[in-house]
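One point on numbering: in our numbering, the residue at position 189 of the sequence shown is 189, and numbering is uninterrupted.
Built from N, CA and C at the ideal position, the CB exists for glycine as well.
It should be emphasised that the depicted structure is a prediction, and the values quoted were computed from it without experimental measurement.
As structure tokens, the structure follows; a few thoughts come after it.
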Amino acid sequence: MSVESVAFAAAVIPLRGRARWLRPVVTALLVPVATAQVLVEGPRWQLVPAYVVAGVLVLAGLYRLLRPGRPMLRPTLRSAAIAGGLLGLAASTALPVLVPVFTFPEPTGPYGIGTITYHWVDQDRPEIFTADPADRREVMVQVWYPADRDDHAPRAAYVPDAGALDALARRGGLPPFVFSHLKDVRTNAIPAAPVAAAPRTFPLLLLATGLAGYRQYDTLGVEELVSHGYIVAGIDHPYSSAAVVFPDGQVADFDTRMTDRTFADAILPHIAEDTRFTLDRLSAVDRADPTGRLTGRLDLAHTGLFGLSLGGEITGMGCLRDTRFRACLSMDSWMPDPVVTAGLTQPTMFLTRDSDTMRQEGWRQSDIDRSLNTMRAVWDRLPADGYLIRIPGMYHADFGDAQLISPLLRPLGITGPLDGAKAHRIVNTYVLAFFDRYLRSLPAPLLDQPAPAHPDVLFEKHTPAR
């Protein structure tokens with residue numbers, strides 16, 4: 001029971017004799033408790049009802065102290081005040097549960113996790129989203145890397161940029177403060193931690209951000225990969241991400257033209273070029289990292305690319321244009337026309353859902369057909385190994401961190417009927433097995449046949465003639 005609940009009960013329940021001391025003592029506790037919460041965690045909108053109830057109770061306590069024996073409200077108003085207080089207490093209890101400051105589960109690998117963010121400008125490439133011909137394409141890239149474990153070091157914020165959080169809310173037609181609490185969520189990563197001492201180098205994965213997403217959208221998956229010895233670089237693509245906040249405070253907001261399929265298809269090559277540029281910059285970091293952390297630590301001969309939704313399309317285009325990417329993984333995305341026409345040459349995995357689940361989520365039949373047909377068209381013609389994995393019961397948002405953000409998302413139809421933790425466990429298992437086999441030459445029996453541990457997963461493997 002919270003201090004507010006005890007204080008509310010003490011305020012409305014008649015107390016006799018010696019029990020009267022409880023009322024001022026409990027009410028007085030509200031001030032330091034509320035102050036400590038604000039100072040330690042910062043104010044949170046989910047707790048506004050609790051702040052209001054606490055404030056009213058403190059004022060009521062002061063009134064009783066200054067004017068003992070005099071009723072504060074008439075009986076009818078008192079009843080209304082009690083009802084309002086009960087509603088406030090109910091809201092202050094429910095909101096932190098429904099919109100929580102959640103915690104990320106501990107990843108299963110042996111490594112700790114460090115993280116650092118880079119800002120890079122491609123001076124050779126104009127920014128065609130904007131009207132100014134002098135603008136150049138620039139990206140924010142967050143790198144997560146294996147580090148030594150440290151249970152006591154401060155953890156990195158999940159989404160530290162307020163501008164990105166405001167943009168996420170606006171995209172959903174919500175008040176700008178709705179996602180502000182995500183800056184208080186802590187990940188398992190340690191900011192600027194030293195890289196793990198061994199081995200000398202780690203394979204590199206680039207993560208492309210989805211439409212109106214943010215680079216941290218799959219922190220669950222990223223942390224699992226890093227804990228098993230991968231360096232992962234998440235790219236925030238300006239104007240197709242929800243919002244990209246640059247070091248000078250400028251914000252590249254989502255361009256609503258991206259919701260038009262014709263526009264998005266036409267500009268996709270420009271966005272996908274971010275993967276080549278980012279890999280170039282990371283190659284320079286491996287030669288001489290300005291921070292000194294990653295110099296000589298990237299295994300650039302074993303590099304992969306993956307992404308969800310638009311990030312999956314970017315993955316297809318990136319792998320088509322740059323064979324330095326040795327393994328490609330697309331999650332729940334159709335393939336762009338140039339990729340379908342030319343095909344991919346690298347080992348490729350498609351992670352998606354079955355058509356019934358897509359239909360249940362509310363996808364149009366044309367989008368279902370385009371997604372499944374273009375994936376299969378590329379998969380059928382691969383000259384390398386290919387995998388088509390369909391997970392019934394997963395919705396599009398389940399491939400990211402949505403399951404943690406709010407339990408309300410399932411009744412709202414945003415996340416699917418498959419248990420969120422199970423869904424991510426399945427996805428993480430297949431993603432790790434794929435990159436382990438094709439970037440580290442490790443055994444991956446999960447990829448040989450349908451897995452008894454996942455009987456509902458629809459597994460197809462394409463093996464080219466040798």
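Nearest candidate by alpha-carbon position, reference residue i, set the options
| i | options | result |
| --- | --- | --- |
| VAL139 | LEU98, ILE389, ASP122, PRO203 | ASP122 |
| HIS270 | ASP150, ARG136, ARG353, ILE391 | ARG136 |
| LEU220 | PHE434, ALA453, ASP354, ILE405 | ILE405 |
| GLY234 | GLY311, ALA192, PRO176 | GLY311 |
| ALA192 | LEU204, LEU182, GLY114 | GLY114 |
| ASP337 | MET317, ARG281, ASP322, THR278 | MET317 |
| LEU382 | ASP398, LYS461, ASP448 | LYS461 |
| ILE389 | ALA196, ALA451, ASP367 | ALA451 |
| VAL340 | THR315, THR259, ALA197 | THR315 |
| GLY476 | GLU361, THR429, ALA284 | What the structure shows of the chain is the stretch from 1 to 466, and residue 476 is not part of that stretch, so it cannot be assessed. |
| TYR118 | GLY343, MET258, LEU279, SER366 | LEU279 |
| SER371 | PRO417, LEU182, SER309 | SER309 |
| ASP467 | ASP369, ALA423, ALA444 | Outside the modelled stretch of the chain, which goes from 1 to 466, sits residue 467, for which no answer is possible. |
| VAL195 | THR352, VAL222, TYR230, PRO176 | TYR230 |
| ASP286 | LEU207, TYR145, LEU439 | TYR145 |
| SER227 | PRO110, LEU446, PHE350 | PRO110 |
Cβ neighbour criterion (16 or more within 10 Å) applied to residue i
| i | result |
| --- | --- |
| ALA131 | exposed |
| LEU305 | buried |
| GLN346 | buried |
| LEU442 | exposed |
| GLU106 | exposed |
| PHE263 | exposed |
| ASP236 | buried |
| ARG437 | buried |
| VAL97 | exposed |
| GLN495 | No answer is possible for residue 495: the residues shown for the chain start at 1 and end at 466. |
| GLY400 | buried |
| ALA453 | exposed |
| ALA197 | exposed |
| ALA134 | exposed |
| GLN216 | buried |
| GLN142 | buried |
| PRO203 | buried |
Distance between residue j and residue i (C-alpha atoms, nearest Å)
| i | j | result |
| --- | --- | --- |
| VAL431 | ALA169 | 30 Å |
| THR246 | SER355 | For clarity, residue 246 is Phe in the given sequence; the question names Thr instead. Roughly 39 Å separates the two Cα atoms. |
| LEU331 | LEU87 | Here residue 331 is Met; the residue named in the question, Leu, does not match the sequence. Rounded to the nearest angstrom, the two C-alpha atoms are 43 Å apart. |
| PHE325 | THR303 | 5 Å |
| VAL3 | PHE435 | Annotation note: pLDDT 43 at VAL3 (below 50); position unreliable, coordinate value reported separately. Approximately 50 Å between the Cα atoms of the pair. |
| VAL251 | ARG155 | 25 Å |
| ASP184 | ASP248 | 22 Å |
| SER46 | ARG171 | What sits at residue 46 in the sequence shown is Gln, not Ser. Spanning the two alpha carbons is a distance of roughly 20 Å. |
| ARG44 | LEU211 | 28 Å |
| ALA537 | PRO411 | Nothing about residue 537 can be reported from this structure: the residues present for the chain run from 1 to 466 only. |
| PHE179 | VAL159 | 10 Å |
| THR463 | ALA327 | 15 Å |
| LEU102 | SER240 | The question names Leu, but residue 102 in the sequence shown is Phe. Cα-Cα distance, rounded: 27 Å. |
| ALA189 | GLU313 | 28 Å |
| GLY292 | THR256 | 39 Å |
| MET375 | GLY386 | 11 Å |
| GLY307 | PHE459 | 20 Å |
| ILE116 | ARG186 | 15 Å |
| ALA402 | ASP289 | 33 Å |
| ARG321 | SER283 | 17 Å |
| GLY173 | ALA433 | 38 Å |
| LEU206 | LEU225 | 12 Å |
Under the three-state DSSP convention, the category residue i falls into
| i | result |
| --- | --- |
| GLU273 | helix |
| LEU404 | helix |
| PRO445 | helix |
| TRP363 | coil |
| HIS462 | strand |
| GLN142 | strand |
| SER333 | coil |
| GLY109 | coil |
| ARG16 | Reliability of the predicted coordinates at ARG16 is poor, the pLDDT of 46 falling under 50, and no value is obtained from them. |
| PHE325 | strand |
| THR348 | strand |
| THR303 | strand |
| SER2 | Summary for SER2: the model assigns pLDDT 49, below 50, so the residue's position carries little reliability, and this model does not support an answer. |
| LEU206 | strand |
| TYR438 | helix |
| GLY470 | Since the first and last residues shown for the chain are 1 and 466, residue 470 lies out of range. |
| VAL285 | helix |
| ILE314 | helix |
| LEU22 | With a pLDDT of only 47 at LEU22, under 50, the local geometry of the prediction cannot be trusted, and the value read off the model is given with reservation. Helix, per DSSP. |
| LEU268 | helix |
Closer than 8 Å: residue i CB and nearest the ligand HEM heavy atom
| i | result |
| --- | --- |
| THR415 | Because no ligand of any kind appears in the structure shown, any question about the ligand HEM cannot be addressed here. |
Closer than 9 Å to chain C by CB, residue i
| i | result |
| --- | --- |
| ILE368 | Of the protein chains in this structure there is only one, and it is not chain C. |
Which runs of the alpha helix (DSSP H) fall wholly inside the region 115–142 and span at least 4 residues, in chain order?
-> none
List in chain order: all unbroken beta strand (DSSP E) runs of 3+ residues lying wholly within the region 163–201.
-> 189–191
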